[in-house]
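Enquirer:
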Amino acid sequence: MFTILALVGVLAGCGTSSSTTTETAKPVETTKSADPTKAPAKGVTIKVASSAGWTKDIDKKLAEQFKTETGNTIEFVISPDDQYTNVLKAKFATGEGPDVYLTSSGVAMNEYLPDQHALDLSNEPWVTRYKDWAKAGTTRNGKVIALNTWSVDGWGLLYNTALFEQAGVQVPTNYQEFLKVCEMLTAKGITPIYEPGKAEWHQEIWLNTFGPMIAKKTPGIYEQFNTNKAKFADQKDLELALTQMKEVADKGYFGKDFLSQTWENSVDAMGSGKYAMMLTYSTYQNEVIAKFPNSKADTWKMFPVPLNDNKSWATSSGGIVRSINKDSKVIDAAKAYFNFLVKADNLKVYYAGRPDLGPTSFKDVEGKSTLAYSTVMANAKDGAGLDFEGGVQFFNQSTIGKAVQDLYLGGKTPKQVLESIDADRAKMFK
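Residues 1 to 430 (the UniProt record's numbering) make up the sequence shown, in order.
1. State the Cα-Cα distance for the pair residue 381 and residue 309, rounded to the nearest angstrom.
2. In whole angstroms, what separates the C-alpha of residue 205 from that of residue 290?
3. Taking residue 413 as the reference, which of 95, 218, 246 and 126 has the closest Cα?
4. Judging by CA-CA distance, which residue of 158, 79, 400 and 109 is the nearest neighbour of residue 286?
5. Residues in its own chain within less than 7 Å of residue 307 by CB, not counting five upstream and five downstream?
6. Have a look at the DSSP bridge pairing and note the partners of residue 362.
7. With a threshold of 16 other CB atoms inside 10 Å of the CB of residue 56, please say whether the residue is buried or exposed.
8. For the putative contact between residue 266 and residue 196, defined by C-beta atoms under 8 Å, what is the C-beta separation to the nearest angstrom?
9. Beta carbon of residue 49, beta carbon of residue 88: below 8 Å?
10. Which residues share a DSSP beta bridge with residue 163?
11. Would you report the Cα separation of residue 272 and residue 330, rounded to the nearest angstrom?
12. Could you round the C-beta distance between residue 151 and residue 317 to whole angstroms and report it? I think they count as a contact, below 8 Å.
13. Using a 10 Å radius around the Cβ and a threshold of 16 neighbouring Cβ atoms, would you call residue 409 buried or exposed?
14. Taking the alpha carbon of residue 97 as the point to measure from, which residue in 46, 80, 282 and 212 has its own alpha carbon closest?
15. Taking residue 253 and residue 356 to be in contact with their CB atoms under 8 Å, please state how far apart those CB atoms are, rounded to whole angstroms.
16. Does the pairing of the stretch 73-92 with the stretch 100-112 give three or more beta-carbon distances under 8 Å?
17. Does DSSP put residue 253 in a helix, a strand or coil?
18. Specify, as a first and last residue, the run of the beta strand (DSSP E) that residue 103 falls within.
19. Go through its chain and collect everything with a Cβ distance to residue 140's Cβ below 8 Å, but skip five positions before and after it.
20. Let me know the alpha helix (DSSP H) ranges lying completely inside the stretch 284-342, each 4 residues or longer, listed in chain order.
21. Name the one or two DSSP bridge partners that residue 431 has.
22. Quick check: the Cα distance between residue 85 and residue 225, rounded to an integer number of angstroms?
23. Around the C-beta of residue 426, are 16 or more other C-beta atoms found within 10 angstroms, so that it is buried, or is it exposed?
24. By how many angstroms is the C-alpha of residue 374 removed from the C-alpha of residue 184?
25. For residue 228 and residue 74, I'd like the C-alpha separation in whole angstroms.
26. Compute the Euclidean distance between the alpha carbons of residue 349 and residue 363, then round it to the nearest angstrom.
27. Thinking just about the alpha-carbon of each residue, which of 385, 155, 212 and 99 is nearest to the one in residue 326?
28. Residue 384 and residue 212 - do their beta-carbons sit closer together than 8 Å?
29. What does the alpha-carbon distance come out to for the pair residue 315 and residue 261?
30. From residue 332 to residue 324, what distance separates their C-alpha atoms?
31. Let me check one thing: in DSSP terms, what residues is residue 46 bridge-paired to?
32. Quick one: what's residue 155 bridged to in DSSP?
33. Out of 102, 312, 288 and 365, state which residue places its alpha-carbon closest to the alpha-carbon of residue 76.
34. So the candidates are 53, 390, 191 and 238; which of them puts its Cα closest to the Cα of residue 251?
35. Compute the Euclidean distance between the alpha carbons of residue 172 and residue 201, then round it to the nearest angstrom.
36. From which residue to which residue does the beta strand (DSSP E) around residue 192 run?
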């Protein structure tokens with residue numbers, strides 16, 4: 001997966017060599033780089049701040065191996081997905097920032113003030129092994145400020161081909177065809193879409209997928225958003241897309257009580273054969289087939305979200321990345337941790353443990369792609385483009401997700417959802 005984005009709940013530790021702590025939100029300049037000739041200290045603890053869904057079992061396994069080799073401990077400081085941004089900002093504000101911290105790649109890194117907090121990693125030897133997209137997604141103001149071991153991917157509607165065939169439907173190319181597909185699936189007793197409505201971040205993903213469509217219709221719009229010269233509330237195409245999202249929900253195509261459904265249960269839901277589609281990344285089918293070998297999930301395909309007749313596939317800037325706090329007292333050890341992670345053998349182990357990731361971020365490590373990836377590219381008649389998260393500053397998952405949930409509950413109109421995005425972003429430009 002790429003960008004993915006932020007995803008699932010707090011993960012339990014898988015051993016004793018690394019540790020995990022949990023932090024929740026509370027009310028709430030430059031240091032010298034480490035001497036490259038100085039050996040990292042041993043027996044130190046490196047605190048790594050992460051949103052819950054970003055730290056996986058394989059990360060903890062590699063952290064244990066790192067301690068075995070170096071004597072240094074990785075302490076994962078985990079915050080709930082909907083609180084991570086506030087927790088991390090509060091820690092930086094009080095001078096208690098972690099040694100390493102995770103963020104989304106691309107312009108999303110700006111939210112955490114990289115000029116103040118992120119160490120310049122441009123001269124690290126592994127940078128020369130980066131693929132172009134990985135380097136671009138970790139570069140701010142001409143400096144590489146993060147390590148990317150994720151993948152570039154995008155979000156589309158993954159569909160169970162057998163259920164589509166059972167209902168006698170084809171891939172829709174516009175909104176009206178999409179509604180017809182949902183209607184025919186429902187008539188066969190199949191819930192058209194599994195939507196984890198309880199996950200705030202996933203509600204934002206729907207809107208996020210329309211970035212390339214907006215950018216194609218209005219060249220330069222991302223730059224206008226990033227200089228606060230354009231407003232989301234003025235984008236009629238987004239207002240229409242939100243209107244149609246509400247219509248899909250009201251027609252029952254997300255299923256009953258979808259706002260209580262979780263992301264954590266999504267693999268079980270899709271593996272059950274009761275749901276035909278889900279908005280997800282292209283490697284998701286690997287996770288389903290791993291748990292449900294008889295599901296034939298490896299034969300599933302994907303198409304772009306067709307709301308407002310969209311025909312573009314939105315891709316990330318490279319998922320989640322790690323930065324080193326320039327004020328950390330253990331910079332040498334943190335750099336050693338990064339060097340450990342990017343060893344070719346360790347990257348192979350890492351990607352083998354991440355079936356949700358596709359193309360790798362390093363030239364010398366082979367990646368993988370899925371049928372969903374090849375079919376969504378074929379079905380995206382207007383091509384692929386960078387999503388809002390990757391190209392627009394302060395496109396906050398939690399804030400937007402809550403507003404979309406409110407839309408479904410009748411508390412906001414589509415226009416008010418967009419106005420709330422503008423109001424939230426305006427604070428960041430002050």
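All C-beta atoms, glycine included, are put in the ideal place defined by N, C-alpha and C.
Expert: So, from the listed chains and residues:
1. 11 Å
2. 24 Å
3. 246
4. 158
5. 175, 241, 244 and 245
6. 130, per the DSSP bridge assignment.
7. buried
8. Indeed, because the Cβ distance is near 6 Å, the residues count as touching under 8 Å.
9. yes
10. Residue 163 pairs with nothing; no bridge assigned.
11. Taking the straight line from one Cα to the other gives about 47 Å.
12. Going by Cβ atoms, the distance from residue 151 to residue 317 rounds to 11 Å, so no, they are not a contact pair.
13. exposed
14. Comparing Cα-Cα distances from residue 97 to each of 46, 80, 282 and 212, the minimum goes to 46.
15. That belief does not hold up - the Cβ atoms of residue 253 and residue 356 are roughly 25 Å apart, past 8 Å.
16. Contact holds between the stretch 73-92 and the stretch 100-112, because three or more Cβ pairs, one in each stretch, are under 8 Å apart.
17. coil
18. 100-104
19. 109, 110, 114, 115 and 118
20. 284-291 and 331-341
21. Residue 431 cannot be examined here, being either before or after the span of the chain that is shown, 1 to 430.
22. 21 Å
23. exposed
24. 26 Å
25. 39 Å
26. 16 Å
27. 99
28. In contact: residue 212 and residue 384 (Cβ atoms closer than 8 Å).
29. 25 Å
30. Distance between the alpha carbons of residue 332 and residue 324: 10 Å.
31. 74
32. 281 and 314
33. Residue 76 has its Cα closest to that of 102, out of 102, 312, 288 and 365.
34. 191
35. 25 Å
36. 191-193
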